[in-house]
Amino acid sequence: MLEINDLHASVGGSEILRGLSLSVRAGEVHAIMGPNGSGKSTLAQLIAGNDAYTVSRGTVELDGEDLLPLSPEERARRGIFLGFQYPVEIPGVNNAYLLKAALNARRKYAGLSEIDAFEFLKLARDKMAMLNMDPKFLNRGVNEGFSGGEKKRNEILQMAILEPRLAVLDETDSGLDIDALRAVANGVNALRDPDRAIILVTHYQRLLDYIEPDHVHVLSEGRIVRSGDKSLALQLEEKGYDWLREAASA
Amino acid sequence: MNQRTTPLQSIDTLGAMALDAPGGQPSVTPPADATVAAIASQFPANWLVIRNGKASDVAAQLPGLNVALTQDVLSIQVPAQLVHDGIVGLLFIDDTENGAGMSHARVVIELQAGSAVNIIEYHSTIGNAMHHAHCAMELSLAAGARCNFIRFQDRQTQHDQTGSLTATLDMDSQLHHTAFDLGGNVVRNELNIKLAGAGAMTCLYGLFMAGGDQHVENHSRVDHLVGPASSEQEYRGIAAGASRCVWRGVAVVHRGADGTNASQANHNLLLSAAAIIDATPQLEIYADDVKASHGTTFGGLDQNALFYLRTRGLDDAAARRLLIGAHAGKIVARSPLPALQARISEIVAQRVATLIAEEAP
Amino acid sequence: MAIESDNIETLVNRRYQHGFVTEIENDSLPPGLDENVVCAISARKNEPKFMLEWRLRAYRQWQQMREPTWAQVHYPAIDYGAISYFSAPKSDANRPRSLDEVDPKLLETYDKLGIPLHERARLAGVAVDAVFDSVSVATTFKAKLSEAGVIFCPFSEAVQKHPELVQKYLGSVVPQRDNFFAALNSAVFSDGSFVYIPKGVRCPMELSTYFRINAANTGQFERTLIVADEDSYVSYLEGCTAPMRDENQLHAAVVELVALKNARIKYSTVQNWYPGDENGVGGIYNFVTKRGDCRGENAKISWTQVETGSAITWKYPSCILRGDNSVGEFYSVAVANNYQQADTGTKMIHIGRNTSSTIVSKGISAGHAQNSYRGLVRVMPQATGARNHTQCDSLLIGKDCGAHTFPYMEIRNPDAKIEHEATTSKISAEQLFYCRQRGIAEEDAVNMIVNGFCKEVFKELPMEFAVEAQNLLNVSLEGAVG
Numbered sequence: 139m140l141e142i143n144d145l146h147a148s149v150g151g152s153e154i155l156r157g158l159s160l161s162v163r164a165g166e167v168h169a170i171m172g173p174n175g176s177g178k179s180t181l182a183q184l185i186a187g188n189d190a191y192t193v194s195r196g197t198v199e200l201d202g203e204d205l206l207p208l209s210p211e212e213r214a215r216r217g218i219f220l221g222f223q224y225p226v227e228i229p230g231v232n233n234a235y236l237l238k239a240a241l242n243a244r245r246k247y248a249g250l251s252e253i254d255a256f257e258f259l260k261l262a263r264d265k266m267a268m269l270n271m272d273p274k275f276l277n278r279g280v281n282e283g284f285s286g287g288e289k290k291r292n293e294i295l296q297m298a299i300l301e302p303r304l305a306v307l308d309e310t311d312s313g314l315d316i317d318a319l320r321a322v323a324n325g326v327n328a329l330r331d332p333d334r335a336i337i338l339v340t341h342y343q344r345l346l347d348y349i350e351p352d353h354v355h356v357l358s359e360g361r362i363v364r365s366g367d368k369s370l371a372l373q374l375e376e377k378g379y380d381w382l383r384e385a386a387s388a
Numbered sequence: 024m025n026q027r028t029t030p031l032q033s034i035d036t037l038g039a040m041a042l043d044a045p046g047g048q049p050s051v052t053p054p055a056d057a058t059v060a061a062i063a064s065q066f067p068a069n070w071l072v073i074r075n076g077k078a079s080d081v082a083a084q085l086p087g088l089n090v091a092l093t094q095d096v097l098s099i100q101v102p103a104q105l106v107h108d109g110i111v112g113l114l115f116i117d118d119t120e121n122g123a124g125m126s127h128a129r130v131v132i133e134l135q136a137g138s139a140v141n142i143i144e145y146h147s148t149i150g151n152a153m154h155h156a157h158c159a160m161e162l163s164l165a166a167g168a169r170c171n172f173i174r175f176q177d178r179q180t181q182h183d184q185t186g187s188l189t190a191t192l193d194m195d196s197q198l199h200h201t202a203f204d205l206g207g208n209v210v211r212n213e214l215n216i217k218l219a220g221a222g223a224m225t226c227l228y229g230l231f232m233a234g235g236d237q238h239v240e241n242h243s244r245v246d247h248l249v250g251p252a253s254s255e256q257e258y259r260g261i262a263a264g265a266s267r268c269v270w271r272g273v274a275v276v277h278r279g280a281d282g283t284n285a286s287q288a289n290h291n292l293l294l295s296a297a298a299i300i301d302a303t304p305q306l307e308i309y310a311d312d313v314k315a316s317h318g319t320t321f322g323g324l325d326q327n328a329l330f331y332l333r334t335r336g337l338d339d340a341a342a343r344r345l346l347i348g349a350h351a352g353k354i355v356a357r358s359p360l361p362a363l364q365a366r367i368s369e370i371v372a373q374r375v376a377t378l379i380a381e382e383a384p
Numbered sequence: 007m008a009i010e011s012d013n014i015e016t017l018v019n020r021r022y023q024h025g026f027v028t029e030i031e032n033d034s035l036p037p038g039l040d041e042n043v044v045c046a047i048s049a050r051k052n053e054p055k056f057m058l059e060w061r062l063r064a065y066r067q068w069q070q071m072r073e074p075t076w077a078q079v080h081y082p083a084i085d086y087g088a089i090s091y092f093s094a095p096k097s098d099a100n101r102p103r104s105l106d107e108v109d110p111k112l113l114e115t116y117d118k119l120g121i122p123l124h125e126r127a128r129l130a131g132v133a134v135d136a137v138f139d140s141v142s143v144a145t146t147f148k149a150k151l152s153e154a155g156v157i158f159c160p161f162s163e164a165v166q167k168h169p170e171l172v173q174k175y176l177g178s179v180v181p182q183r184d185n186f187f188a189a190l191n192s193a194v195f196s197d198g199s200f201v202y203i204p205k206g207v208r209c210p211m212e213l214s215t216y217f218r219i220n221a222a223n224t225g226q227f228e229r230t231l232i233v234a235d236e237d238s239y240v241s242y243l244e245g246c247t248a249p250m251r252d253e254n255q256l257h258a259a260v261v262e263l264v265a266l267k268n269a270r271i272k273y274s275t276v277q278n279w280y281p282g283d284e285n286g287v288g289g290i291y292n293f294v295t296k297r298g299d300c301r302g303e304n305a306k307i308s309w310t311q312v313e314t315g316s317a318i319t320w321k322y323p324s325c326i327l328r329g330d331n332s333v334g335e336f337y338s339v340a341v342a343n344n345y346q347q348a349d350t351g352t353k354m355i356h357i358g359r360n361t362s363s364t365i366v367s368k369g370i371s372a373g374h375a376q377n378s379y380r381g382l383v384r385v386m387p388q389a390t391g392a393r394n395h396t397q398c399d400s401l402l403i404g405k406d407c408g409a410h411t412f413p414y415m416e417i418r419n420p421d422a423k424i425e426h427e428a429t430t431s432k433i434s435a436e437q438l439f440y441c442r443q444r445g446i447a448e449e450d451a452v453n454m455i456v457n458g459f460c461k462e463v464f465k466e467l468p469m470e471f472a473v474e475a476q477n478l479l480n481v482s483l484e485g486a487v488g
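Chain order of the listed sequences is U, E and Y. Oh and the first sequence: position 70 is 208 in my numbering, straight run, nothing missing. Oh and the second sequence: position 274 is 297 in my numbering, straight run, nothing missing. Oh and the third sequence: position 2 is 8 in my numbering, straight run, nothing missing.
#1: Need the endpoints of the alpha helix (DSSP H) that E199(U) sits in, please.
#2: Please look up how many angstroms separate the CB atoms of G302(Y) and K267(Y), rounded, as I've assumed it's under 8 Å.
#3: Mind pulling the alpha helix (DSSP H) runs of 4 or more residues that sit fully within the stretch 159-238 of chain Y?
#4: How far does the alpha helix (DSSP H) with V6(Y) in it reach, from first residue to last?
#5: Anything in chain E within Cβ reach of G408(Y), meaning under 8 Å, just list it in chain order.
#6: Have a look at A428(Y) and T350(Y) and give me their C-alpha separation to the nearest angstrom.
#7: Residues of the stretch 409-439 of chain Y with a CB closer than 8 Å to any CB of chain E: list them in chain order, please.
#8: The beta strand (DSSP E) with Q397(Y) in it runs from where to where?
#9: Residue ranges of each beta strand (DSSP E) run of no fewer than 3 residues wholly in the stretch 204-238 of chain E, ordered along the chain?
#10: Check each candidate in V260(Y), S316(Y) and Q182(Y) and name the one with the smallest Cα separation from W60(Y).
#11: What in chain Y is Cβ-close to A214(U), meaning under 9 Å?
#12: How close, in whole Å, do the beta carbons of R244(E) and L214(E) come, if the pair is a contact with beta carbons under 8 Å?
#13: Residues of the stretch 371-384 of chain E with a CB closer than 9 Å to any CB of chain Y: list them in chain order, please.
#14: Would you list, in chain order, the members of the stretch 309-334 of chain E that have their beta-carbon closer than 7 Å to a beta-carbon of chain Y?
#15: Which residues in chain Y sit within 7 Å of F222(U), going by Cβ to Cβ distance?
#16: Contact criterion: CB-CB distance below 7 Å. Does P387(Y) meet it with respect to chain E?
#17: Is the Cβ of I455(Y) closer than 7 Å to any Cβ of chain U?
#18: Name the DSSP bridge partner or partners of Q181(E)?
#19: Under 9 Å Cβ-Cβ, which residues of chain Y neighbour S295(E)?
#20: Taking the beta strand (DSSP E) that G313(U) belongs to, which residues open and close that run?
#21: Since P361(E) is in the alpha helix (DSSP H), which residue starts that stretch and which ends it?
#22: Starting from the beta carbon of K353(Y), find every residue of chain E whose beta carbon is closer than 7 Å, and list them in chain order.
#23: With distance defined between alpha-carbon atoms, name the residue in S178(Y), I307(Y), I47(Y) and E416(Y) nearest to F336(Y).
#24: List the endpoints of the continuous alpha helix (DSSP H) containing M57(Y).
#25: Just to check my reading of the structure: A103(E) and H154(E) have Cβ atoms closer than 8 Å, yes? What is that Cβ distance to the nearest angstrom?
#26: If contact is defined by three or more beta carbon pairs under 8 Å, each pair taking one atom from either stretch, is the stretch 301-315 of chain E in contact with the stretch 278-290 of chain E?
#27: State the Cα-Cα distance for the pair F2(Y) and L293(E), rounded to the nearest angstrom.
#28: Going by CA-CA distance only, name the one from N394(Y), K423(Y), Y291(Y) and H426(Y) that's closest to N278(Y).
#29: Is there contact between the stretch 271-284 of chain U and the stretch 198-208 of chain U, where contact requires at least three CB pairs shorter than 8 Å?
#30: Tell me the DSSP bridge mates of E133(E)?
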């Protein structure tokens, strides 16, 4: 589904990704791990189309289509969803309003009719019940005054409603207490689907106790230095990232 | 310019020195000396005394600093990379024992690249005759320089003061300025800060307290000429009696000064029906990437808080002292030079007590 | 992330839709102003003697006054001698008694503006007193209003039919010599609206007036007076559009509101005068004096304004809180794009005990525009228990615009509680990226964010006005972002 080949990218003149390649198939869950500054968030932002990052070499394709010339909204409409590490507050803009506009933008692109307010509310309420969220969330400003845990849960709600083909969840576990983490993980697990791929970007192994990945990749200095199954994450937890750096330089 | 470098001596020797002005007339009377000594004993600084607008030959030792004096201008230069960890005291004392008068002082302070200095400026008057003191100060901070600055004004209430401080901050320099106005008759202070280098930062705090028919104005203006740079202003006012206070804070973010952070706050406590505080915070923004805010509040003492304290056994005056002291204390706590905070806090508390006494039925 | 501000600017530039001129013959006075002109205006309107004397007093005072310069706006000097002070459509001679008698061209104009007059009036139950080129030509729903005892008519008609009310209240809130522009208006005002709500009456419908400038080089001097007697309520809507013109046009209106004991007046404005083109050529100079007087206890006056038009806006709808427990409110959205300049805000004068006021101001600057909030909160010594809360936010779109805040607080009572907060920010690149990542086009995302920013004010508008205001906002900012 997603093919990344020899990707080189920089931000503000410094090169962050240095020849990253990754292949993700439908139905798979991939975990991308790595120390701070290894390029994990850059990869997530790049897939979503943040133009602060400049690609100097390499390709990114979704189902064979070149993603790089596409704007963020064009990518979103093709089914790419980014769960932000720091979800943005947009004061005064109703959460439900944003979600409905987003869903209809995606439906319109897919040639479907726009969903009306009534249907939307029903859909949103169902998804919120699934995620055990208070329906009051819908009527608040987008992330306005939300706690860290609420913001992350709101990201998962958006993902549940938008039903993306490819979800990239950037540090969705950071700043969560154990209950919030469990709620978020349950939400993600519920959205696992043979037609959908999920990329989890995380620093710690903790999240993977709840969401079992098919593949684990370790990113270091802008490159995937090792790939394996979930046992790789456990090894990392035990030995730390230095172990890999040594292994890489050896 | 014919500058001569003044031989510097310690404040301790002050009492023993013969202080003769040209022409053999004694220029200092004993009460002034006593006041100087009293202030010096309260605030641990190396004091330079500016008497009736003139810096005298007697000055504190300021190791490493270049201090020069012409007839009209006192100039202090902090050499590059020198971190002066003591406190330079500038004591402006106006003596009116010999009758009404005026004084003009001009001070130029230059901090060269990477240097740091702590300054306290203390304004005081002696005697009951009318007096108008004016002080113009220029401060320049070269790249990376840091300056902590306190201005403390505690004049007699028949003495007027006008003053200005103009500061230019170059790249990555920092100015932390706190002003206290407790006395004076008509007082007007101006601060003009130019943030001229990227990364410059300034904090301007102030506390003004007025009673009787005092008139106290503080005008501060920050020009953000480039970005990123940040400025923070917080002034607090307490007005009793028939006093009138004015606070005008201006932040101008010039074209292209992107990455500016500018905040202003002004909180005022009115203790009597005849007291007046006027506030005009102003933001003028001509750049794009700017975060700016201001907040202003006015009010009397919180009657619920007063009542609460009295149910806890405090008498009315004590409860008022506590609440007004808390309002003022926020500026004391934000002032630089922790070594001076305790004493400043005491003087402020005394002034709070006299303001409360003024309002007592 | 770097959404270029330049891009943002290209997104915001749709052309003014209401730019066209209706060809109707005008009966105009030659340019210039002296006592003869004042007399001629009064004579043409067949005014009683008190009205002429009132105008002449205003004119003489105006001659002594100077144009104010303290506002943060810049414009070439206005030649008051080059302006024609009276212009009425020819059809004025035999005024239509119903819409059927109205010049079809006029109705067509309203159609172009998207105001199908009778349709809208019938469907929405809104009585419309449409002012076209200074003279009212159509007034509807009079019967229903008069049943309730409400007087809603052109100002000139009120002068004829209710001179005692006009004489009692005219100039009682905004005196003739209040300021330069108010004095000018007092001398030469052409027409406007008059509203009187009798004691205990809740006005059965929202009253609405659409103003429109048409004849070239004609200053518009509207005069509106609304009196709400004890225990009454009225909601008044004012909306303006203007045709595209190259020359600058002066507009100096005066609006006076009087709320007696327990009365409430809600005054909503959507102002969309021609703002000039994208190079700052043309556009209306809008110097307006709007003031309400809460004359009795428990009175309430609420101003809501959405200002998107005019090359220059100079406008401070204010409240004098004279009655004990009276309430003043000011909710404002001011958008300035291209080379527009807006200096707008409010004055809240607390005189009575336990008076309270709320100010919510949202300023949006784009292009090369300059947008200033200027507001005064004054608490007089006798105003024990006065309360004010002011929230004043500015949003910057693009690097060449300016946003300024000039609040003045003059507090004379220690028992007052006054809070003022102001913020300035830009639409963050993060907010835009977040919306776009959810599939929303950049332009829509900007509109969404701006509308969110203005939400507190829009919710104060009557429903159909709120929708119009949102659309207007989107149109006004078109091309500012991209």
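Using N, Cα and C, we set each Cβ at its ideal position, and we do this for glycine too.
According to the data block:
#1: Here E199(U) belongs to no alpha helix (DSSP H); instead the beta strand (DSSP E) covers Y191 to L200.
#2: 3 Å
#3: 161-167, 169-175 and 186-194
#4: Coverage of chain Y is limited to positions 7 through 488, which leaves residue 6(Y) absent and any answer about it impossible.
#5: E307, I308 and Y309
#6: 15 Å
#7: A409, H410, T411, F412, P413, Y414, M415, E416, I417, R418, N419, P420, D421, A422, K423, I424, E425, H426, E427, A428, T429, T430, S431 and K432
#8: R393 to I403
#9: 209-218 and 224-233
#10: Q182(Y)
#11: R442, Q443, R444, G445 and I446
#12: 7 Å
#13: none
#14: Y309, A310, D311, D312, V313, K314, A315, S316, H317, G318, T319, T320, F321, G322 and G323
#15: Y440
#16: yes
#17: yes
#18: Answer by DSSP bridge pairing: none, since Q181(E) is not bridged.
#19: P420
#20: Segment: none, G313(U) is in no beta strand (DSSP E) and carries neither H nor E.
#21: P361 to E382
#22: Correct list: empty, because the minimum Cβ distance to chain E is about 14 Å.
#23: I307(Y)
#24: K55 to Q70
#25: Incorrect: roughly 39 Å between the Cβ atoms, too far for contact.
#26: yes
#27: No statement about residue 2(Y) is possible, as the shown extent of chain Y runs from 7 to 488 and does not include it.
#28: Y291(Y)
#29: no
#30: Q100(E) and S163(E)
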